[in-house]
Every structure is written in structure tokens, then in C-alpha cells.
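Participant:
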Amino acid sequence: MATLAEHHDLVVLGGGPGGYAAALYGAAAGLEVAVVEEDRIGGVCLHRGCIPAKALLQTAEVLRTVAGAKALGVDAGQPSLDLATAQTRKQQVVDRLTRGLEGLLKGRSVTVVRGTGTVADAAARRVRVSDGTELAGDALVLAAGSSPGRSPASTSTASGSCRPTTSSSSRRCPGAW
Ligand SMILES: Cc1cc2nc3c(=O)[nH]c(=O)nc-3n(C[C@H](O)[C@H](O)[C@H](O)COP(=O)(O)OP(=O)(O)OC[C@H]3O[C@@H](n4cnc5c(N)ncnc54)[C@H](O)[C@@H]3O)c2cc1C
Numbered sequence: 005m006a007t008l009a010e011h012h013d014l015v016v017l018g019g020g021p022g023g024y025a026a027a028l029y030g031a032a033a034g035l036e037v038a039v040v041e042e043d044r045i046g047g048v049c050l051h052r053g054c055i056p057a058k059a060l061l062q063t064a065e066v067l068r069t070v071a072g073a074k075a076l077g078v079d080a081g082q083p084s085l086d087l088a089t090a091q092t093r094k095q096q097v098v099d100r101l102t103r104g105l106e107g108l109l110k111g112r113s114v115t116v117v118r119g120t121g122t123v124a125d126a127a128a129r130r131v132r133v134s135d136g137t138e139l140a141g142d143a144l145v146l147a148a149g150s151s152p153g154r155s156p157a158s159t160s161t162a163s164g165s166c167r168p169t170t171s172s173s174s175r176r177c178p179g180a181w
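Counting from 1 along the sequence shown, just add 4 to a position and that's the residue number in the working numbering.
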């Protein structure tokens, strides 16, 4: 028996920068929008990419500035890195921006559906969510992102390389791999 699908003007599969931007633009244009996201809204950029990287780079910049301060006539002693504190601060930045993004979507009445979505019927623009819910849209945007592959030409070994998406939450300094 066919499940009755919830109907929306626009259904977006994936709540990363591609998906949430499409949802926000759609909602601003007056569309009734649903976003299906299996993780936290914000995607790689907000949780493992751009934002965590910039937060950690700011720590590195301060460390370098303090380490070189003596040459500028400021003796601040020899700085040391507390990576756990840097990671905690990074997570606070990520969490604050995530709450802001969730608020933005809520403010535009975008429905966020938690779960893994699959395209059940592309022609009918139907998405089935892991909890059994079905959504149908007048339009469907696929914004599920991508995943890194390993080049056959790569000579790096598993123990000698790391993925940027996991290193942004590492408790070990680069070079310790
Ligand atoms: C370390 C690092 C630093 C970066 N720095 C920058 C930068 O400074 N500037 C910049 O422009 N870009 C940067 N990027 C790239 C940026 O993160 C990506 O371009 C961006 O996240 C792509 O957005 P997206 O929406 O296409 O995909 P994603 O961010 O991957 O989002 C896809 C979303 O879809 C969800 N999803 C996937 N499949 C399903 C499914 N079946 N059901 C439900 N949900 C699903 C995922 O959980 C995810 O939330 C960086 C990337 C990395 C790794």
C-alpha cells in the first residue's frame, strides 16, 4: 500500500551549505520548504570543515604571535599549546553558529526532518526518510554533499595521513600522527 507523502513546495535532501542556502532562498521566495538532514544542520563546512578549521587556525595564529613577541619587545614567555582548550573553544563556536542557523531556518518556517533520506521516486520528487516518513515536493534539491576518495597514485599510508574532516576534532597535534 502506498504511503501518503507529506507535500511541500520544495524538498531539500541534505542540510549543508548547499541545502540550507537553497532552503532559505526558497522560503524567502514564499515557498513552503522541508529539509531532510541525517546529522546536525550545517554540513561539513560548519561541523568539520571551514568553521572548525578557522577556529583552530586562530589558535595557531595567537600561538605564533606570542612566540614571536619577544622580537617586538614584548616578553610574554614561551607559549604552550593546550589543544583540549582550543578544541573546546572551537566546539563552542560551532555550536553557537549551529544554533544561529537553526534559528534562521525556524524563523523562515523551514521544516527540518531528522533522518536519512533516499529518493524513492525521482519523477514524483518523493523522498523516503529512515523513520518511514515520505515527503513529496513540487521541486526537489539534492544537496547531500560528497565524500573523499583515495587516489590510486597516493603513496600515503593509513598511519601517515589524516582526513581534514576528522583532524578538526583531534586531540593530538599535527606531526603526532
Ligand atoms: C577542512 C575543510 C575546510 C574547508 N574550508 C572551506 C572554506 O574555508 N571555504 C569554503 O568555501 N569551503 C570550505 N570547505 C568546503 C566546504 O566544507 C564544502 O564545500 C561544503 O561543506 C559543501 O557543502 P554541501 O552542502 O555541498 O555538502 P555538505 O557540507 O557535505 O552537506 C551535505 C549534508 O547532507 C547530509 N546528508 C548526506 N546524505 C544524506 C541523506 N541521505 N539523508 C539526509 N542527509 C544527508 C549530510 O549529513 C550533510 O549535512 C572546507 C572543507 C574542509 C573539509
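Ideal placement from N, C-alpha and C gives every residue a C-beta, glycine not left out.
Got a sec, what are the start and stop residues for the beta strand (DSSP E) Arg130 sits in?
Facilitator: First-last of the beta strand (DSSP E) with Arg130: Arg130 to Val133.
Participant: Could you check the C-alpha separation between Leu87 and Arg175 for me, to the nearest Å?
Facilitator: So the two alpha carbons sit approximately 6 Å from each other.
Participant: Answer yes if the region 107 to 125 comes into contact with the region 84 to 98, meaning at least three C-beta pairs across the two stretches below 8 Å, and no otherwise.
Facilitator: No, the region 84 to 98 is not in contact with the region 107 to 125.
Participant: Run through DSSP, which three-state label would Thr92 get?
Facilitator: Thr92: helix per DSSP, three-state reduction.
Participant: Span of the beta strand (DSSP E) holding Glu65?
Facilitator: It is not in any beta strand (DSSP E) - Glu65 instead sits in the alpha helix (DSSP H) that spans Cys54 to Ala71.
Participant: When you compare only the Cα positions, how much space is there between His11 and Asp43?
Facilitator: C-alpha separation (whole angstroms): 22 Å.
Participant: Short of 7 Å in beta carbon distance, which residues of its chain neighbour Leu60, apart from the five on each side in sequence? Order them along the chain.
Facilitator: Excluding sequence neighbours, Leu60 sits near Ala90, Lys94 and Ser172.
Participant: Compute the minimum distance between the beta carbon of Asp99 and the heavy atoms of ligand 1, and state whether it is under 6 Å.
Facilitator: No, the beta carbon of Asp99 sits no closer than 6 Å to any heavy atom of ligand 1.
Participant: Taking 7 Å as the threshold (C-beta atoms), are Val37 and Gly30 in contact?
Facilitator: Cβ distance < 7 Å, so Gly30 and Val37 count as in contact.
Participant: Are there 16 or more other CB atoms within 10 angstroms of the CB of Val133, so buried, or fewer, so exposed?
Facilitator: Buried.
Participant: Closest Cβ-Cβ distance between Val98 and chain C: below 7 Å?
Facilitator: The structure shown contains no chain C; it is built from a single protein chain.
Participant: By alpha-carbon positions, which one of Val48, Asp142 and Val66 ends up nearest to Ser189?
Facilitator: Within the shown structure, residues of the chain are numbered from 5 to 181, placing residue 189 beyond reach of any answer.
Participant: Say yes only if the C-beta of Val15 is nearer than 6 Å to one or more non-hydrogen atoms of ligand 1, and no if none qualify.
Facilitator: It does not: the Cβ of Val15 is nowhere closer than 6 Å to a heavy atom of ligand 1.
Participant: To the nearest angstrom, how far is it from the Cα of Val70 to the Cα of Ala80?
Facilitator: C-alpha separation (whole angstroms): 7 Å.
Participant: Could you tell me the distance, in whole angstroms, from the CA atom of Trp181 to the CA atom of Val15?
Facilitator: With a pLDDT of 42 at Trp181, under the threshold of 50, the predicted position of this residue should be treated as unreliable, though the coordinate-derived value follows. So the two alpha carbons sit approximately 42 Å from each other.
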